[in-house]
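In this note's numbering, the protein residues as written are 67 to 218. We treat Cβ as the ideally placed atom computed from N, Cα and C, and that holds for glycine. Because the structure is a prediction, the values reported are computed rather than measured. Heads up: the structure comes next, in structure tokens.
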Amino acid sequence: MSHSMFYGDFEPGQVFVSQGRTMTETDLQMFSMLTGDWNPVHNDAEFAKTTKFGQRLMHGAFGIGLGIGLMHTLGIFEDSAVALLDVAEWKFLEPVYIGDTLHLRLTILDKSLGTSGNTGRIGRRFELINQHGRPAHSGRADVLVRVHRPVG
67 MSHSMFYGDF
77 EPGQVFVSQG
87 RTMTETDLQM
97 FSMLTGDWNP
107 VHNDAEFAKT
117 TKFGQRLMHG
127 AFGIGLGIGL
137 MHTLGIFEDS
147 AVALLDVAEW
157 KFLEPVYIGD
167 TLHLRLTILD
177 KSLGTSGNTG
187 RIGRRFELIN
197 QHGRPAHSGR
207 ADVLVRVHRP
217 VG
């Protein structure tokens, strides 16, 4: 059974929190292979020791994808999402390391009904919260959703 929410179900100020996910060596390596980003701060432990971070860190762009994935675990957009409209104002507030556990805190910021009346824009703030309770990443990721559940 779907827990999908539709346009009328969302109100500014609502907050949804995902389960946590721990970052792994495999996550880092797979993201490097997928993107071709082999920067030594991510992939060379000896080099990373010489940086201000002191160890390898996850790619910044990995966090954006992780946020989208954690959002899907909530199930609230499963049957209602039509399209991701943008990713904006993304900030990397703290480094994310292998072994860190992050969860998503998704806040509904605003909404506006489309001209067709069949869809609407939902403004969302994504915050990836680390195991210390601090935001590691933050940004907007607005979505176009259906107004009503599809018939059939």
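Contact check, residue i vs residue j, beta carbons under 8 angstroms
| i | j | result |
| --- | --- | --- |
| GLY131 | HIS203 | no |
| PHE143 | VAL211 | yes |
| ILE188 | ASP208 | yes |
| VAL153 | GLY186 | no |
| ILE164 | GLU91 | yes |
| GLY205 | GLU155 | yes |
| THR181 | VAL81 | no |
8 angstroms CB neighbourhood of residue i in its chain, flanking five on each side removed
| i | result |
| --- | --- |
| VAL162 | MET89, LEU123, MET124, PHE128, GLY129, LEU168, LEU194, ASN196, ALA202, HIS203 |
| SER70 | GLY141, ILE142, PHE143, GLU144, ASP145, SER146, ARG215 |
| THR117 | VAL107 |
| PHE158 | GLY126, GLY129, ALA202, HIS203 |
| LEU175 | PRO78, GLY189, ARG190, ARG191, ARG206 |
| GLY183 | VAL213 |
Residues sharing a beta bridge with residue i, DSSP
| i | result |
| --- | --- |
| GLY189 | ASP176 |
| ASP208 | ASP152 |
| LEU194 | LEU170, HIS203 |
| ARG87 | LEU168 |
| PHE97 | None; PHE97 has no bridge partner. |
| VAL81 | THR173 |
Beta-carbon contacts of residue i that lie in its chain and below 7 angstroms, excluding the five residues immediately before and after
| i | result |
| --- | --- |
| PHE97 | HIS125, PHE128 |
| PHE72 | SER146, VAL211, ARG212, VAL213, HIS214, ARG215 |
| LEU136 | SER84, ARG87, HIS169, LEU170 |
| LEU150 | ALA207, VAL209 |
| ARG200 | GLU160 |
Cβ shell of residue i (< 6 angstroms), same chain only, five flanking positions each side left out
| i | result |
| --- | --- |
| LEU179 | GLY186 |
| MET67 | Residue placement at MET67 is flagged as unreliable, the pLDDT there being 44, under the threshold of 50; a coordinate-derived value is accordingly withheld. |
| ASN105 | none |
| GLY133 | LEU170, PHE192, LEU194 |
Residue i beta carbon near the ligand SAH (any heavy atom closer than 7 angstroms)
| i | result |
| --- | --- |
| LEU94 | In the structure on display, the ligand SAH does not appear, and there are no ligands present to speak of. |
*At 3 residues or longer, and completely inside the segment 148-173: list those beta strand (DSSP E) runs for me, N to C.*
none
*Return the chain-ordered ranges of every alpha helix (DSSP H) run that is complete within the segment 99-144 and spans a minimum of 4 residues.*
Taking only runs of at least 4 residues, the alpha helix (DSSP H) segments lying wholly in the segment 99-144 are 106-109, 111-115, 126-140.
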